[in-house]
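J.: Be aware that the sequence shown starts at 63, since it is given in this note's numbering, and climbs by one per residue.
We treat Cβ as the ideally placed atom computed from N, Cα and C, and that holds for glycine.
Keep in mind that this is a model prediction, so the values were computed, not measured.
My structure is below; once you've seen it, I'll send some questions.
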Amino acid sequence: MNQGDTQPVPLIVLLQASFEAAIGLIENDYLPEIMATVDRLKKGMVKEIKPNVMATRPVPAQRKVKKH
């Protein structure tokens, strides 16, 4: 193969990299919070878990309107 030749990256390699990145995000960003919530539930500190709406969907920016 010449130095200028390029081979397309197989789809499976891209998918594997995407899954590994997603798993890394879950382990690093979400898992500690999930485990802390589980610990609080076990200790009876929390009776109910409400979904964090802010984390699941973006809130559109609202303009402040001054009332006269």
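1) Note down, in chain order, each residue of its chain lying with its Cβ closer than 8 Å to the Cβ of Ser135, except the 5 sequence neighbours on either side.
2) May I have the straight-line CA-CA distance separating Tyr92 from Gln78, to the nearest angstrom?
3) Under three-state DSSP, which class holds Gly86?
T.: According to the structure data:
1) Here the chain covers residues 63 to 130 and nothing more, so residue 135 does not appear.
2) As a first step, residue 92 must be located in the sequence shown, where it is residue number 30. As a first step, residue 78 must be located in the sequence shown, where it is residue number 16. One C-alpha to the other measures close to 20 Å.
3) Position 24 of the sequence shown holds residue 86. Gly86 carries a helical assignment under DSSP once its states are collapsed to helix, strand and coil.
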